[in-house]
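Numbering (this note's numbering), first residue to last: 2 to 586.
Contents: one structure, followed by commentary.
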């Protein structure tokens, strides 16, 4: 139960509902347990009438009174049971809502390193399947536990008052039940953990298969993929069956022990009646009803125990992520104005997951409103610079200054809100084109959206769709071509009019003519803003105020377009190569 202690804060939050539900539960059990007592009275009335100690009219009166009390008690118990479910079960839904939000907020806080080390399917499984199992503990398990305890306590009080010795023999099988539950619970906990791990593997494999379905079809490997999925599903099924085998012991054991209690009531009660220790056969009938009324609550002990063990296994998996401290922390609460001046001082950075040193002693300065272009071969560290400016990672060595202040001393959310970022791999959400562009500025008007699309040279493409800007995109923007996705991503970045614009090779999928038009518009938009353009094309970099060339994480060239094309090196060779390719076409 240690892992489930995480939920205590939610139980305290909804303590009023739980206390009210508990009171209603006890009241419902009290009224429900009126039935056996009045059944006993019916037996006593029958015996008295049979012995001629009461008249027929008195007998009918007592019989009618008992039946009315039984019906009324049953109705009141049913109504109270309804309200019991409404209070306690609703709490589980509230906790489910809060827990999912807590997990999602934690996912939002965690750094990119976390997502590189964990798979999407596993993340999804913990916030869905695992939370569902925890909800079963927070609702049904607690409700049935309160119900069982209340029923046992009230029933035992009534039973002890009626026949103490018979009560002792009736509850005799319960210690055996407790031992069986303890043994089975430990095994269920162990197997539940394994089942959840396999469900995560299955979710991960399925998610990756669906995301990469175009690659699977292109390579014609559907049979191999299906075979791998079948193998994983079979292993998961085997673990589920192993768990079910243990769980299957609960109900038979419950029924056996309840049956044993019934036999003891009949035998011991019968002997006591013969010996005169019990005044009426109604007491035996009363006890049999008590025992059978306890059948379902006792049977649910096993089910509840199973739920608790599965919930603990799931909560343990959830807690593993909730306990992770985000690597990137916001240490400043007060937002500071970002004007866009950026300085790198001897910055080095190594990726934790691969141990690759991406940057080695990088130093440069961009003044407010200037444009910097970064070129270099694949893997030279270009994208890493942009990630560090947005504090998606913290540097290993050196210092990054924004407005002359260390980047760590800026409010993290204010810093990122001041940046318009266009990633190399344009990601679009499964929503309308309009909402994808407005993602950069939710309060933007339709005119703002259209203007941003025009500046990104994608407006003409959008209006050709049947629903225009209201066209729903497929997952990851699959409805659009690569170039269209990049241009929508550019529109999303520029619509917010940020102080800093970061473009990570975002024109690689567009033709030269469209690139020229977009760059011309960006030059207008970026006036007074600090811009950094990462590219493999000289055409994207030639108008920048400053250009740096990276190689193996180091700056090997630095200057303007004019100075670099007149100097031997990577930039000049790239320029001449691309000029000749353009001439050839």
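Glycine included, every Cβ here is placed at the ideal spot set by N, Cα and C.
These numbers come from a predicted model, not from an experiment.
- request: Could you check the C-alpha separation between residue 386 and residue 216 for me, to the nearest Å?
  value: For residue 386 and residue 216, the distance between alpha carbons rounds to 30 Å.
- request: State yes or no: is the C-beta of residue 420 within less than 9 Å of the C-beta of residue 534?
  value: No, the Cβ-Cβ distance between residue 420 and residue 534 is not below 9 Å.
task: For residue 313, count neighbouring Cβ atoms within 10 angstroms of its own Cβ and tell me buried if that reaches 16, exposed if not.
output: Under the 10 Å beta carbon count, residue 313 is surrounded by 16 or more other beta carbons and is classified as buried.
- prompt: Fully enclosed by the segment 293 to 361, which alpha helix (DSSP H) runs are 4 residues long or longer?
  reply: For secondary structure counted as the alpha helix (DSSP H) over 4 or more consecutive residues, the segment 293 to 361 holds these complete runs in sequence order: 296 to 323.
Residue span of the alpha helix (DSSP H) that contains residue 22, given as start and end: Element bounds for residue 22: 16 to 33.
query: Do residue 145 and residue 92 have their C-beta atoms closer together than 9 Å?
result: No, the Cβ-Cβ distance between residue 145 and residue 92 is not below 9 Å.
Whether residue 336 touches residue 422 by CB criterion (9 Å): No, the Cβ-Cβ distance between residue 336 and residue 422 is not below 9 Å.
field: Residues bridged to residue 395 [DSSP beta-bridge criterion]
entry: In the DSSP output, where bridge partners are listed per residue, residue 395 has none listed.
message: Using 9 Å as the threshold, is the C-beta distance between residue 504 and residue 532 below it?
response: Result yes, Cβ atoms of residue 504 and residue 532 sit closer than 9 Å.
task: Would you decide whether residue 98 is buried or exposed? Buried here means 16 or more other CB atoms lie within 10 Å of its CB.
output: Burial call: exposed.
- prompt: Since residue 44 sits in a beta bridge, which residues does DSSP pair it with?
  reply: Under DSSP, residue 44 takes part in no beta bridge, so it has no partner.
message: For residue 491 and residue 445, which I take to be in contact (beta-carbon distance under 8 Å), what is that distance rounded to the nearest angstrom?
response: With a contact defined as Cβ atoms closer than 8 Å, residue 491 and residue 445 miss out at about 15 Å.
- request: Identify the continuous alpha helix (DSSP H) that holds residue 108 and give its terminal residues.
  value: That run of the alpha helix (DSSP H) goes 57 to 110.
field: Whole-angstrom distance between residue 455 and residue 461, CA atom to CA atom
entry: So the alpha carbons of these two residues sit roughly 8 Å apart.
- prompt: Does the beta-carbon of residue 11 have 16 or more other beta-carbons within 10 angstroms, so that it is buried, or is it exposed?
  reply: With 16 or more other Cβ atoms within 10 Å, it is buried.
query: With a CB to CB cut of under 7 Å and the five nearest residues on each side skipped, what residues in its chain are close to residue 36?
result: Cβ within range, chain order: 71, 74, 75, 290.
- request: Tell me, please, whether the segment 320 to 332 touches the segment 398 to 415 by the rule of three or more beta-carbon pairs shorter than 8 Å.
  value: Yes, since at least three Cβ pairs between the segment 320 to 332 and the segment 398 to 415 fall closer than 8 Å, the two stretches touch.
message: Need the endpoints of the alpha helix (DSSP H) that residue 130 sits in, please.
response: Where residue 130 is concerned, the enclosing alpha helix (DSSP H) stretches over 130 to 137.
task: Starting from residue 532, follow its DSSP beta bridges and name the residues at the other end.
output: Looking at the DSSP assignment, residue 532 forms a beta bridge with 372, 502.
field: Status (buried if at least 16 other CB within 10 Å, exposed otherwise) for residue 242
entry: Residue 242 should be labelled exposed.
task: May I ask you to verify whether the segment 196 to 216 touches the segment 156 to 163, counting CB pairs closer than 8 Å and requiring at least 3?
output: Flag = no, the segment 196 to 216 and the segment 156 to 163 do not touch.
query: CA-CA distance, residue 185 and residue 301?
result: Inter-residue distance for residue 185 and residue 301 is about 14 Å (C-alpha atoms, whole angstroms).
message: Helix, strand or coil for residue 283? Go by DSSP, reduced to three states.
response: Residue 283: helix per DSSP, three-state reduction.
- request: Please work out which residues of its chain come closer than 6 Å, Cβ to Cβ, to residue 344, disregarding the five sequence neighbours upstream and downstream, and give them in chain order.
  value: Same-chain partners within the cutoff: 366, 402.
task: Thinking residue 79 and residue 308 are a contact (beta carbons under 8 Å), I'd like their distance in whole angstroms, please.
output: Incorrect: roughly 24 Å between the Cβ atoms, too far for contact.
field: Distance between residue 128 and residue 106 (C-alpha atoms, nearest Å)
entry: One C-alpha to the other measures close to 11 Å.
query: Of the choices 255, 562, 197, whose alpha-carbon is the least far from that of residue 546?
result: Considering only 255, 562, 197, the residue with the shortest C-alpha distance to residue 546 is 562.
message: I need the straight-line Cα distance from residue 28 to residue 39, nearest angstrom please.
response: Straight-line Cα distance between these residues: approximately 18 Å.
field: residue 364 - DSSP class collapsed to helix/strand/coil
entry: Residue 364 falls in the strand class under three-state DSSP.
task: Go ahead and label residue 516 buried or exposed: buried means 16 or more other beta carbons lie within 10 angstroms of its beta carbon, across all protein chains shown.
output: Buried, because 16 or more other Cβ atoms sit within 10 Å of the Cβ of residue 516.
- prompt: In whole angstroms, what separates the C-alpha of residue 57 from that of residue 50?
  reply: Using only the alpha carbons, I get a separation of about 7 Å.
- request: Give me the Cα-Cα distance between residue 457 and residue 196, rounded to the nearest whole angstrom.
  value: Going from the Cα of residue 457 to the Cα of residue 196 covers about 49 Å.
- request: Identify which residue in 551, 549, 552, 543 has its Cα closest to the Cα of residue 577.
  value: Per the C-alpha coordinates, the member of 551, 549, 552, 543 positioned closest to residue 577 is 543.
Buried versus exposed call for residue 321 [16 or more other C-beta atoms within 10 Å across all chains shown]: Exposed, since its Cβ has fewer than 16 Cβ neighbours within 10 Å.
message: Suppose the cutoff is 8 Å on Cβ atoms and the five residues either side in sequence are ignored; what does the same chain contact list for residue 48 look like?
response: Cβ neighbours of residue 48 beyond the five flanking positions: 281, 282, 283.
- prompt: When DSSP labels each residue in this structure, what does residue 555 get in the three-state scheme?
  reply: Here residue 555 carries a strand assignment [DSSP, helix/strand/coil].
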